[in-house]
Amino acid sequence: VIAAVHFSERRHAWAVDLGGTNTKLGVVDDSGRVVVQEAFSTCPGRGGDSWAEEAAEALRGAAARGGVEADRIGAVGVGAPGPLNVEGGVLTNPLPNLPGWQGFPICRALANRCGKPAFLDNDANVAALAEHWVGAGRGVDNLVVLTLGTGIGSGIIADGRLLHGMSDNAGELGHLSINYRGPRCVCGNRGCIELYASAPALVRLFKQKLRRRECAARKGRSVTAEAIFEAAREGDPLAREALEEVGRYLGMAVASIVHALNPEIVILAGGLAGAAQFLLDPLREVVRERTYPDLQVGLRIEASTLGAASGLVGAARLALREQSSQRWT
Ligand SMILES: [Zn+2]
């Protein structure tokens, strides 16, 4: 009887993971279990209000399919591309992912349609919450998550708190420079790590290596990051070389991150984390060479174990943690 009572008291949250191409959403319980999830095309061109209409409808449908009553759901958590304003629940300037959505009050739009308070944070911060809650950084007070995809984002938990900075833009670690004479970046800096260790950078590096080896047989085949991972797993030396080089570049950035934040764990997440088996050894080696020994004691550098679910899990964590404050009801 006690167990049954306990189960009936389990709380749930609605979770939304907004991307420029797809929106994932679902219901997550307070143990971090994704009860139901689904996805639809974001179609940013139609604007935020039309999107919010579809999202609210899909959230209600997900709750029904999962057999979770609406009164068991306390709030909506949203992870979205930045820059954004956490307190105001507004996407301030989500370019280039969501052109035309500048200033969209996403929390108000979802709260009005769902009848629950809604809470917002950027996708990398949400990933850090997920890792801290049920992932590789569970219970760790100082952690950094690097999301390695088309660009490089990051979420930082320092002394047990998610780091936001003055205007919620802390943790743009993709723009740590590893080369002051390197190529110019969109941010204004030169030689940002994002230009060396994102998925497009990996593809560029691999193609350069192909050209240098004049490997005619493989020329012209379309090269994607996933194709390079697969080739590396099959033993392709060029693919492995490219991934190891990316790992060393990441090591240079991680050395700076370790000096700045003294984390206990640095977690690789996002698409490129799928190739962590090739990235981690060279990465760790560079960190060993380039970091004060005292900061290496107890330091772990690992791949995320949450995979694609981390966006929903982290958004739910945000909702479950914040709902008592009842913003945007
Ligand atoms: Zn930059």
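Going by my numbering, the residue at position 36 of the sequence shown is 40; the numbering climbs one at a time, nothing skipped.
Ideal placement from N, C-alpha and C gives every residue a C-beta, glycine not left out.
| Asked | Found |
| --- | --- |
| Run through the DSSP bridge pairs and tell me what LYS28 is partnered with. | ASP21, ALA43 |
| Pull up the distance between the alpha-carbon of GLY195 and that of THR151, whole angstroms please. | 18 Å |
| Under the three-state reduction of DSSP, which class applies to VAL80: helix, strand or coil? | strand |
| Does ligand 1 have even one heavy atom less than 7 Å from the beta-carbon of ASN193? | yes |
| So, using beta-carbon positions, are GLU306 and ALA140 closer together than 8 Å? | yes |
| Taking C-beta to C-beta, are ASN173 and PRO87 nearer than 8 Å? | yes |
| Between the alpha carbons of ARG288 and GLY255, how many angstroms are there, rounded? | 6 Å |
| Using a Cβ-Cβ cut-off of 8 Å (strictly less than) and excluding sequence neighbours within five positions of ILE197, which residues of its own chain qualify? | ILE156, LEU177, GLY178, HIS179, LEU180, SER181, ILE182, TYR253, LEU254, MET256, ALA257 |
| Report back the beta-carbon spacing between PHE233 and ALA279 to the nearest angstrom; my notes put them in contact at under 8 Å. | 4 Å |
| Within 10 angstroms of the Cβ of GLY315, are there 16 or more other Cβ atoms? Answer buried if so, exposed if not. | buried |
| Within 10 angstroms of its Cβ, does ASP127 collect 16 or more other Cβ (buried), or is it exposed? | buried |
| Which whole-angstrom value is the C-beta distance of GLU135 and LEU147, which I expect to be below 8 Å? | 6 Å |
| So which of CYS111, ALA84, ARG76 has the shortest CA-CA distance to GLU91? | CYS111 |
| Give the straight-line distance between the Cα atoms of ALA236 and PRO98, rounded to the nearest whole angstrom. | 34 Å |
| Which residues in the same chain as ALA131 place their Cβ atom closer than 6 Å to its Cβ, once the five residues preceding and following it in sequence are excluded? | VAL149, THR151, GLY159, ALA273, SER314, GLY318 |
| According to DSSP, simplified to helix, strand and coil, what is CYS189? | coil |
| Measuring only the C-alpha atoms, how far is ALA201 from ASP285? | 15 Å |
| What does DSSP give as the partner residue(s) for ASP125 in the beta ladder? | GLY83 |
| Along the chain, where does the beta strand (DSSP E) containing VAL338 start, and where does it finish? | For the chain, the structure presents residues 5 to 333; residue 338 sits outside this window and is missing. |
| Tell me whether CYS191 is buried or exposed, calling it buried when 16 or more other Cβ atoms sit within 10 Å of its Cβ. | exposed |
| Looking at the structure shown, is ALA220 part of a helix, part of a strand, or coil, going by DSSP? | At ALA220, the pLDDT of 47 sits below 50, so the modelled position is not reliable; the number obtained from the coordinates is stated separately. It is helical. |
| Residues in the same chain with beta-carbon distance under 7 Å from ASP53, minus the five sequence neighbours each way, listed in chain order, please. | ALA113 |
| In the structure shown, what three-state DSSP assignment does ASP53 receive? | helix |
| What distance in whole Å lies between the Cβ atoms of ALA60 and ARG117, which are believed to be in contact at a cut-off of 8 Å? | 4 Å |
| Along the beta strand (DSSP E) that carries GLU13, what are the first and last residues, could you check? | From DSSP, GLU13 is part of no beta strand (DSSP E); its letter is neither H nor E. |
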